[in-house]
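Here's the structure we're looking at; comments come further down.
In the working numbering, the protein residues as written are 4 to 508.
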């Protein structure tokens with residue numbers, strides 16, 4: 004069926020209006036001018052037909068009166084002395100002016116509301132330099148921000164940009180509530196797709212100093228949600244590389260759940276891209292800190308920015324041996340060496356001769372306090388160290404609740420605990436999936452005694468029956484499988500800790 008002229012004109016008009024607000028404004032303005040010219044013509048034709056109706060004295064005055072009446076109906080009183088026939092044009096001019104100007108005002112108001120709405124959504128271009136870019140949003144973002152604020156404390160200005168699908172208002176409200184004082188760090192939030200190249204360019208990724216890719220779900224999410232999160236992270240990495248013309252020079256840390264996806268990221272063969280499973284690390288730390296008292300304080304000092312931090316530092320070494328380096332720094336403990344030829348080497352040996360291009364990896368209170376002195380500032384004192392390695396032991400471990408990190412805990416314990424060590428798991432109304440998984444763990448680790456009991460840790464009598472303080476260690480995990488709220492998990496843990504304290508006292 005052939006389109007009619009009316010259909011064609013309507014189609015072209017709709018296409019023109021779809022171009023945006025400017026086309027609507029121009030269209031309304033053109034309609035206003037057309038009606039203005041029409042009213043002038045109508046007034047002039049009436050005066051030509053009935054010359055006696057002309058009272059203003061000239062055509063220019065008629066044009067001026069029509070303009071005033073259409074832009075402000077209150078100016079219709081200009082024609083109070085006009086003949087009755089001419090007042091018809093006055094009324095029409097006022098009415099048409101009210102309609103068109105009302106439409107213009109409504110359009111301008113709507114456009115301004117849309118501008119402010121987009122501003123609140125954070126859709127504008129980000130203009131920051133040398134900033135940390137966080138892609139994604141989950142419950143760990145607040146802890147990451149706290150660490151970055153401490154890391155930027157010695158700088159005059161520091162910036163963190165967060166690009167996430169979460170609404171900007173929601174992000175800003177949570178950050179303001181949890182971190183009221185950001186010190187010298189500016190936190191900019193914006194809403195968008197982290198895997199979209201245009202969105203990454205909008206946040207000025209070319210000027211970022213590093214990128215952190217957060218998972219879009221929690222560890223307690225379904226397998227499908229974890230796979231989706233990993234795929235999104237890989238897409239984001241590819242988008243970041245594309246923004247750099249195919250050559251990545253940006254340090255990227257990505258949170259990945261599945262080992263096969265971590266292996267896939269390894270195919271990039273880029274040392275600037277690091278993929279890690281945060282819960283895998285958490286499980287290993289949990290085992291080590293539960294077996295060695297005080298180790299959590301060491302890890303907290305090394306891994307957090309609250310205290311000492313780890314830096315790269317270079318100086319004129321003049322062939323100094325690595326074992327002598329600690330005595331040339333007032334603040335700082337050298338941990339290793341990095342160079343382009345050999346890469347990174349931790350604890351290279353006391354007799355290692357420092358090369359001209361070597362950088363040291365040093366732990367110090369702040370980068371501003373690191374100064375290499377050519378002469379020794381300390382003289383070593385020889386002490387007799389205990390030449391004894393911690394031996395494996397047999398332990399009884401009580402696990403209250405369940406989480407996937409418990410599997411990592413049991414797996415890693417195989418390197419530290421002796422045969423016949425016990426793992427007693429207590430969970431309220433365990434699901435078939437948990438019962439099956441525990442049976443699988445029994446098969447995987449036959450040297451351990453692993454048991455699962457249906458019990459409620461929130462019940463004081465049932466908790467007493469577990470005889471918690473007859474075990475070597477107590478591990479408290481999530482009390483519900485489908486719980487995604489970190490606050491709820493923390494509150495459950497605190498309640499159990501209070502009950503344990505009551506039992507002990």
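Yeah, the Cβ is synthetic: ideal placement off N, Cα and C, and Gly gets one too. Small disclaimer: the values here were computed from a predicted structure and weren't measured.
Residue i classed as buried or exposed, judged by whether at least 16 other C-beta atoms fall within 10 angstroms
i	result
residue 357	buried
residue 137	buried
residue 403	buried
residue 174	buried
residue 229	buried
residue 277	exposed
residue 68	buried
residue 390	exposed
residue 120	exposed
residue 129	buried
residue 501	exposed
residue 227	exposed
residue 166	buried
residue 387	exposed
residue 296	exposed
residue 221	buried
residue 411	buried
residue 363	buried
residue 96	buried
CB contact flag (residue i, residue j, <8 Å)
i	j	result
residue 76	residue 61	no
residue 223	residue 240	no
residue 154	residue 304	no
residue 152	residue 188	yes
residue 453	residue 445	yes
residue 3	residue 401	Residue 3 cannot be examined here, being either before or after the span of the chain that is shown, 4 to 508.
residue 339	residue 329	no
residue 275	residue 218	no
residue 331	residue 375	yes
residue 213	residue 254	yes
residue 110	residue 28	yes
residue 113	residue 49	no
residue 194	residue 171	yes
residue 546	residue 461	One cannot answer for residue 546 here, as it falls past the ends of the chain, which runs 4 to 508.
Proximity winner among the options, relative to residue i (alpha-carbon distances)
i	options	result
residue 425	434, 449, 164	449
residue 124	345, 168, 320	168
residue 163	345, 131, 139	131
residue 134	354, 462, 381, 192	192
residue 321	340, 377, 281	377
residue 32	89, 457, 53, 106	106
residue 533	89, 147, 323	Past the boundaries of the shown model lies residue 533; the chain is included only from 4 to 508, so the question cannot be answered.
residue 380	391, 334, 389, 386	334
residue 200	183, 63, 245, 225	245
residue 483	15, 248, 495	495
residue 70	43, 139, 472, 386	43
residue 457	470, 428, 441, 463	428
residue 147	216, 72, 49	216
residue 204	248, 419, 433	248
residue 337	346, 353, 344, 345	353
residue 324	355, 52, 346	355
residue 281	293, 259, 436, 26	259
residue 504	467, 488, 118, 489	467
residue 294	464, 419, 384, 261	419
Beta-carbon proximity list for residue i, same chain, < 6 Å, skipping 5 on both sides
i	result
residue 406	480, 481
residue 431	459
residue 475	398, 399
residue 161	155, 187, 188
residue 309	153
residue 251	244, 273, 275
residue 35	103
residue 508	none
residue 326	353
residue 348	339, 340
Proximal residues to residue i (C-beta, below 8 Å), its chain only, five neighbours per side dropped
i	result
residue 485	223
residue 3	Beyond the ends of the chain as shown, which are 4 and 508, falls residue 3; an answer cannot be given.
residue 267	237
residue 361	317, 320, 340, 341, 342
Cβ of residue i within 8 Å of any chain C Cβ
i	result
residue 276	The structure shown contains no chain C, having only a single protein chain.
Other residues of its chain near residue i: CB distance less than 7 Å, five sequence neighbours each side excluded
i	result
residue 371	157
residue 116	none
residue 198	235, 238, 239, 242
residue 469	401, 429, 458
Heavy atom of the ligand GDP within 7 Å of residue i beta-carbon
i	result
residue 263	This structure lacks the ligand GDP; in fact it carries no ligand of any kind.
With contact counted as at least three CB pairs below 8 Å, one residue from each stretch, are the stretch 415-425 and the stretch 280-297 in contact? yes
Check whether the stretch 360-376 and the stretch 311-321 touch, using three or more Cβ-Cβ pairs below 8 Å as the test. As far as the Cβ criterion goes, the stretch 360-376 touches the stretch 311-321, which means the pair count is three or higher.
Indicate whether the contact test is met: 3 or more Cβ pairs, each with one atom in the stretch 198-218 and one in the stretch 171-181, closer than 8 Å. no
Cβ contact (3+ pairs, closer than 8 Å) linking the stretch 91-106 and the stretch 35-42: yes
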